[in-house]
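Residue -8 is where the sequence shown starts when you use the numbering used here, and the numbers rise one by one after that.
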Amino acid sequence: MGLRLLLFLFFYLLPGIIAQNTEDVTIIVRGSATIAETDDNFVCATLDWWPPEKCNYNQCPWGQASILNLNLNHPILSKAIQAFGSLRIRVGGSLEDQVDYGIGDLGQPCLPFKKMQGGLFGFSTGCLSMKRWDELNLLFQKSGAIVTFGLNALKGRKQIRKSVWGGSWNYSNARDFIEYTVSKGYRVDSWEFGNELSGHGIGASVDAEQYGKDIIALKSIVNELYKNSSSKPLILAPGGFFEQEWYAQLLQVSGPGIVNGLTHHIYNLGGGDDSRIASKILDPKYLSQIANTFRNLQLTIQRHGPWSSAWVGEAGGAYNSGSRLVSNKFLNSFWYMDQLGMASKYDTKAYCRQTLIGGNYGLLDTKTFVPNPDYYSALLWHRLMGKGVLSVDMSGSPYLRAYAHCRKQKVGVSILLINLSKSTWFSVTVRNDINVNIAEGGGIHKDGNFVHGLKKTVSWVGRKILDGSAKRQEYHLTALNGNYLSQTVLLNGSPLELTKDGNIPSLQPIFVPADSPVSVAPLSIVFVVAPNFEARVCT
């Protein structure tokens, strides 16, 4: 490890130290209290229903990645899930509200989706057989997945005008399906009601009052069928794009204790053919715009449904299957990691990435199952960033993004640093609020996220005195050959690739003296784990 660290510092970090374009930045991690809390299994990925015929922009990137046709026995698939220990998987997507469940009296054969003119999203209804549901649960059990399942919320309704559906939900097929699931002992952590039917809807919409009444019916079914279970699944809804008035009305109609999690979707980079996606990802002002959505949803919950919590049920960055030029490349990790950091600040409990596999935005390659760069950044987040979210104050360039959490299930702090600049190195000094209050008598001026008048002091020290042997861990993610559109990511200078046996590689840090600044290269993402950093709330 000593030689590896020496080579990495010499060949990778040294150019930044001697480069003219280096900027000193100080951040203050306020470890006296948390500002939000995520779920233990914050990182989530989706499995979708789209068949091979789903095409956008003259390409059909889904292949055999549907819930109905995915090769569940592929060795990389289970290993990729197992590497998380407990990866939350959300089963759902656009065709969710056209799914029948192959149990009870359907009145028709249980068949997959097919192209159909005039059908919702251009497809017929499809059917999940119980044989396939058994196979999926075998994978979930073997890999330790935590399952969120999206139910068909259009069943029984009729289209009353363009894109607007009315009538009560026919829950009989869903009830049979949930009853079967309970009888088999399959663990579903949460049942989600519908996909993108809220507000103006995507393809179809249902008014909030009717939706709220139907969720009450779903809650009653779950309470009945799980009455002998030690724990009951959560109820999530509506799995759509946030519209404040509709979401508030849903909470008011359904009432206390019904909707455990308000799920919303994020595709803030535009369509998959947008030529500006790369520039949007590297624009700090653009990335920050979506904070309004997180903030407004948080306020809506506080005012209208404090019993509920915010979830991102689906987020792929670019919609319509993602961007074939960006979504599976290292560049996308800058958007993705910034999203995880930002969402967690606003008390988001889980963040479901579209997709685990399928489309251009899969964490795994649709054809080969080989992990894309975002898979590894997600895995590092899951292993290093704990539930407790800490406030971060920062001086300097907006191109450096910083997020801090209590360390995952251990004492200390984990920090995520994202350098959006193509040319600037950042030398980052990290201080805690205890140190700041002592050094400056509590006279720090805060202006938004910027802190003025900071004095340079020793990094990483609170009241504890660190001797020269104290170390912190650093994980530097960069692109192969400096090409941010590469599909290969480097960890501390070494490519992350599957082992010869097809296993997920070990993600090893470098160890750095705890009292030194963090050197953040241009277009790099750095996770820093500081076990000796004094944060009262993280002990």
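We put the beta carbon where it would ideally sit given N, CA and C, even for glycine.
Practice task
Using beta-carbon positions only, say whether Val90 and Asn47 come within less than 8 Å of one another.
Solution key: Your numbering for residue 90 matches position 99 in the sequence shown. Your numbering for residue 47 matches position 56 in the sequence shown. No. Outside cutoff.
Exercise for the section: Report yes or no: do the segment 78 to 94 and the segment 134 to 150 share at least 3 C-beta pairs separated by less than 8 Å? Expected result: yes
Problem - Residue range of the alpha helix (DSSP H) that includes Lys146 - result: Taking the first residue of the sequence shown as position 1, residue 146 is located at position 155. For Lys146, no alpha helix (DSSP H) encloses it, and the DSSP letter there is neither H nor E.
Handout entry: Which of helix, strand or coil DSSP assigns to Tyr258
Key = Numbered from 1 along the sequence shown, position 267 holds the residue referred to as residue 258. If DSSP states are grouped into helix, strand and coil, Tyr258 belongs with coil.
Exercise for the section: Work out the CA separation of Thr359 and Asp492 for me, nearest whole Å. Expected result: Position 501 of the sequence shown, counted from the first residue, corresponds to residue 492. Position 368 of the sequence shown, counted from the first residue, corresponds to residue 359. Going by the C-alpha atoms only, they are around 15 Å apart.
Exercise for the section: Pick out whichever of Cys35, Arg527, Ser507, Gly83 has its Cα sitting closest to the Cα of Ala56. Expected result: Taking the first residue of the sequence shown as 1, we reach residue 56 at position 65. Out of Cys35, Arg527, Ser507, Gly83, Gly83 has the C-alpha closest to the C-alpha of Ala56.
Exercise for the section: For Ala47, write down the residues that DSSP places opposite it in a beta bridge. Expected result: Here residue 47 is taken as the residue at index 56 of the sequence shown, counted from 1. Looking at the sequence itself, residue 47 is Asn, so the reference to Ala does not match. DSSP output for Asn47 lists Gln50 as bridge partner(s).
Exercise for the section: Have a look at Val419, Lys153, Phe104 and flag the residue whose alpha-carbon is nearest the alpha-carbon of Ser410. Expected result: Working through the sequence shown from its first residue, we reach residue 410 at position 419. The sequence as given places Asn at residue 410; Ser does not occur at that position. Here the closest residue by C-alpha is Val419.
Exercise for the section: Use the C-beta contact count for Trp298: other C-beta atoms within 10 angstroms, 16 or more gives buried, fewer gives exposed. Expected result: In the sequence shown, residue 298 corresponds to position 307, counting from 1. By the 10 Å Cβ count, Trp298 comes out exposed.
Handout entry: Assigned secondary structure, Asp91 (DSSP; H/G/I helix, E/B strand, else coil)
Key = Counting from one through the sequence shown, the residue named residue 91 turns up at place 100. Strand.
Exercise for the section: Taking only runs that begin and end inside the segment 94 to 178, name each unbroken beta strand (DSSP E) of 3 or more residues, in chain order. Expected result: 117 to 120, 137 to 142, 149 to 152, 155 to 157
Problem - Trp237, enclosing alpha helix (DSSP H) - first and last residue - result: Stepping through the sequence shown from its first residue, residue 237 is reached at position 246. Where Trp237 is concerned, the enclosing alpha helix (DSSP H) stretches over 235 to 245.
Problem - Element boundaries [beta strand (DSSP E), containing Lys462] - result: For the purposes of this step, residue 462 is taken as residue 471 along the sequence shown, with counting starting at 1. First-last of the beta strand (DSSP E) with Lys462: 462 to 470.
Practice task
Below 7 Å CB to CB, which residues in the same chain sit around Tyr310 once its five sequence neighbours on both sides are set aside?
Solution key: What you label residue 310 is simply residue 319 of the sequence shown in a count that begins at 1. Cβ-Cβ distances below 7 Å link Tyr310 to Tyr258, Gly262, Gly263 in the same chain, with the five nearest sequence neighbours on each side left out; the list follows chain order.
Practice task
Count the other CB atoms, across all protein chains shown, that sit within 10 Å of the CB of Leu481; report buried if there are 16 or more and exposed otherwise.
Solution key: As a working mapping, residue 481 is identified with position 490 in the sequence shown. With 16 or more Cβ atoms within 10 Å of its Cβ, Leu481 is classed as buried.
Exercise for the section: Below 8 Å on the Cβ atoms is my guess for Tyr366 versus Ala71; work out the distance and round it to an integer in Å. Expected result: Within the sequence shown, the letter at position 375 stands for residue 366. Within the sequence shown, the letter at position 80 stands for residue 71. 7 Å between Cβ atoms; contact.
Handout entry: Same chain only: Cβ atoms within 6 Å of Trp326, ignoring 5 sequence neighbours per side
Key = Taking the first residue of the sequence shown as position 1, residue 326 is located at position 335. Residues Ile272, Gly308 of the same chain have their beta carbon placed closer than 6 Å to that of Trp326, with the five preceding and five following residues left out of the count.
Practice task
Assign Ser220 to buried or exposed, taking buried as 16 or more other Cβ atoms, counted over all protein chains shown, within 10 Å of its Cβ.
Solution key: On the sequence shown, residue 220 is found 229 positions in, with the first residue counted as 1. Ser220 comes out exposed.
Problem - Burial state of Ala301, where buried means 16 or more other Cβ atoms lie within 10 Å - result: As a working note, residue 301 is residue 310 in the sequence shown. Ala301 should be labelled buried.
Problem - Cys529 to Val519 span [Cα, whole Å] - result: The count along the sequence shown starts at 1 and reaches residue 529 at position 538. The count along the sequence shown starts at 1 and reaches residue 519 at position 528. Going by the C-alpha atoms only, they are around 15 Å apart.
Handout entry: Top-ranked residue by Cα proximity to Val361, from Ile348, Trp41, Trp372
Key = Position 370 of the sequence shown holds residue 361. Closest option to Val361, Cα to Cα, is Ile348.
Practice task
Assign Pro66 to buried or exposed, taking buried as 16 or more other Cβ atoms, counted over all protein chains shown, within 10 Å of its Cβ.
Solution key: Indexing the sequence shown from 1 puts residue 66 at position 75. Result: exposed.
Problem - Alpha-carbon to alpha-carbon, Thr29 and Thr490 - result: Locating residue 490 in the sequence shown gives position 499, where the first residue counts as 1. Locating residue 29 in the sequence shown gives position 38, where the first residue counts as 1. Rounded to the nearest whole angstrom, the C-alpha separation of Thr490 and Thr29 is 32 Å.
Practice task
Determine the direct distance from the alpha carbon of Lys336 to that of Ser412, and round the result to whole angstroms.
Solution key: Along the sequence shown, read from residue 1 onward, the residue named residue 412 stands at position 421. Along the sequence shown, read from residue 1 onward, the residue named residue 336 stands at position 345. Those two C-alpha atoms are separated by around 23 Å.
Exercise for the section: Quick one: residues in its chain with C-beta nearer than 6 Å to the C-beta of Phe184, no 5 flanking neighbours on either side, listed in chain order? Expected result: As a position in the sequence shown, residue 184 is number 193, starting the count at 1. Here the set comprises Leu142, Ala144, Ile206, Leu209, Ala228.
Practice task
Output the distance between the C-alpha atoms of Gly190 and Ala199, rounded to the nearest integer angstrom.
Solution key: Numbered from 1 along the sequence shown, position 199 holds the residue referred to as residue 190. Numbered from 1 along the sequence shown, position 208 holds the residue referred to as residue 199. Those two C-alpha atoms are separated by around 8 Å.
Practice task
Could you tell me whether the Cβ atoms of Pro42 and Pro103 are closer together than 8 Å?
Solution key: For the purposes of this step, residue 42 is taken as the residue at position 51 of the sequence shown. For the purposes of this step, residue 103 is taken as the residue at position 112 of the sequence shown. Yes, they are a contact pair.
Exercise for the section: Quick one: give me the first and last residue of the alpha helix (DSSP H) that Lys491 is part of. Expected result: Along the sequence shown, one-based indexing puts residue 491 at 500. Segment: none, Lys491 is in no alpha helix (DSSP H) and carries neither H nor E.
Exercise for the section: Alpha carbon to alpha carbon, how far is Leu498 from Gln73? Give it in angstroms, no decimals. Expected result: The sequence position of residue 73 within the sequence shown is 82, counting from 1. The sequence position of residue 498 within the sequence shown is 507, counting from 1. Near 15 Å, if we compare the C-alpha coordinates of Leu498 and Gln73.
Problem - Secondary structure of Ala71, DSSP reduced to three states - result: Residue numbering aside, residue 71 sits at position 80 when the sequence shown is read from its first letter. Residue state, collapsed to three classes: helix.
Handout entry: Boundaries of the alpha helix (DSSP H) in which Arg294 is found, first to last residue
Key = Numbered from its first residue, the sequence shown carries residue 294 at position 303. DSSP places Arg294 in the uninterrupted alpha helix (DSSP H) bounded by 282 to 295.
Problem - Length-filtered (4 minimum) alpha helix (DSSP H) runs lying within the segment 333 to 417 - result: 364 to 375
Practice task
Could you tell me which residues DSSP puts in a beta bridge with Asp598?
Solution key: Not covered by the structure: residue 598. The range shown for the chain is -8 to 530.
Exercise for the section: Verify whether the separation of the beta carbon atoms of Ile516 and Met328 is less than 8 Å. Expected result: Here the question's residue 516 lines up with position 525 in the sequence shown. Here the question's residue 328 lines up with position 337 in the sequence shown. The answer is yes: Cβ separation under 8 Å.
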